[in-house]
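**Q** My structure is below; once you've seen it, I'll send some questions.
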Amino acid sequence: MTLDIHQILKLLPHRYPFLLVDRVTEMEKGKRITAIKNVTMNEPFFNGHFPHRPVMPGVLMLEAMAQAAALLSFHSLDIVPDDNTIYYFAAIDGARFKRPVEPGDQLTLEVEIERMKAGISKFKGKASVGAELACEATLMCAMRQIN
Numbered sequence: 013m014t015l016d017i018h019q020i021l022k023l024l025p026h027r028y029p030f031l032l033v034d035r036v037t038e039m040e041k042g043k044r045i046t047a048i049k050n051v052t053m054n055e056p057f058f059n060g061h062f063p064h065r066p067v068m069p070g071v072l073m074l075e076a077m078a079q080a081a082a083l084l085s086f087h088s089l090d091i092v093p094d095d096n097t098i099y100y101f102a103a104i105d106g107a108r109f110k111r112p113v114e115p116g117d118q119l120t121l122e123v124e125i126e127r128m129k130a131g132i133s134k135f136k137g138k139a140s141v142g143a144e145l146a147c148e149a150t151l152m153c154a155m156r157q158i159n
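The opening residue of the sequence shown carries number 13 in my numbering; numbering runs sequentially from there.
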């Protein structure tokens, strides 16, 4: 299964400048997702991180993986989220940053489900530029209903 930006916007509540998934290239229900984030010079965080050598903040790479994980969860559980559905970070473990991500890079996000139980899911994620690993981490996310 693939998703374009219009389909992603229907599923995630994030909007510019915080929507960090541009396209889903593969998704296997209950198993894994591969998504793309095109990194461009006009990203607002590059103004201050760093003006002399722009680098995508590591926390935003983790956020991009979590957004891909949310898309995978919704698909795996056959859920179309509404305005009362929120998907929170619960934990980040073993985060490692291996390569700077710069303007012009295409970040490939690969996330696999390790387990899902009672609205809490654990994922193994990695972000790469080409064949080079940029970031990896284990993520836990919780889906909750708000009023």
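Glycine residues also receive a C-beta, built at the ideal position from the N, C-alpha and C atoms.
1. Assign Phe62 to buried or exposed, taking buried as 16 or more other Cβ atoms, counted over all protein chains shown, within 10 Å of its Cβ.
2. Count Cβ pairs between the segment 139-152 and the segment 89-99 that sit closer than 8 Å; are there 3 or more?
3. Is DSSP giving Gly106 helix, strand or coil here?
4. Is Ile48 closer than 8 Å to Leu84 when the C-beta atoms are compared?
5. List in chain order: all unbroken beta strand (DSSP E) runs of 3+ residues lying wholly within the segment 30-72.
6. What do you reckon, are the CB atoms on Glu33 and Ala107 nearer than 8 Å?
7. On a Cα-Cα basis, can you pick out the residue from Met128, Phe86, Asp90, Met77 that is closest to Leu119?
8. Can you tell me the Cα-Cα spacing of Met155 and Val113, whole angstroms?
9. Tell me the residue span of the alpha helix (DSSP H) that contains Ile125.
10. Comparing alpha-carbon positions, which option in His18, Phe57, Leu15 lies nearest Ile29?
**A** On the basis of the supplied data:
1. Taking the first residue of the sequence shown as position 1, residue 62 is located at position 50. Classification for Phe62: exposed.
2. In short, these stretches do not touch, since the Cβ pair count stays below three.
3. The sequence position of residue 106 within the sequence shown is 94, counting from 1. Note: Gly106 maps to strand in three-state DSSP.
4. In the sequence shown, counting from the first residue as 1, residue 84 sits at position 72. In the sequence shown, counting from the first residue as 1, residue 48 sits at position 36. The answer is no: Cβ separation not under 8 Å.
5. The segment 30-72 contains these whole beta strand (DSSP E) runs: 35-40, 44-50.
6. Locating residue 33 in the sequence shown gives position 21, where the first residue counts as 1. Locating residue 107 in the sequence shown gives position 95, where the first residue counts as 1. Residue 33 is actually Val in this sequence, not Glu. Between Val33 and Ala107, the C-beta spacing is not below 8 Å.
7. In the sequence shown, the residue the question calls residue 119 occupies position 107. Answer by Cα proximity: Met77.
8. Residue 155 sits at position 143 when you count from the first residue of the sequence shown. Residue 113 sits at position 101 when you count from the first residue of the sequence shown. Computed Cα separation, rounded: 29 Å.
9. For the purposes of this step, residue 125 is identified with residue 113 of the sequence shown, where counting begins at 1. Ile125 -> not in any alpha helix (DSSP H); beta strand (DSSP E) instead, spanning 118-129.
10. In the sequence shown, residue 29 corresponds to position 17, counting from 1. For the record, residue 29 in the displayed sequence is Pro; it is not Ile. Nearest of His18, Phe57, Leu15 to Pro29, Cα basis: Phe57.
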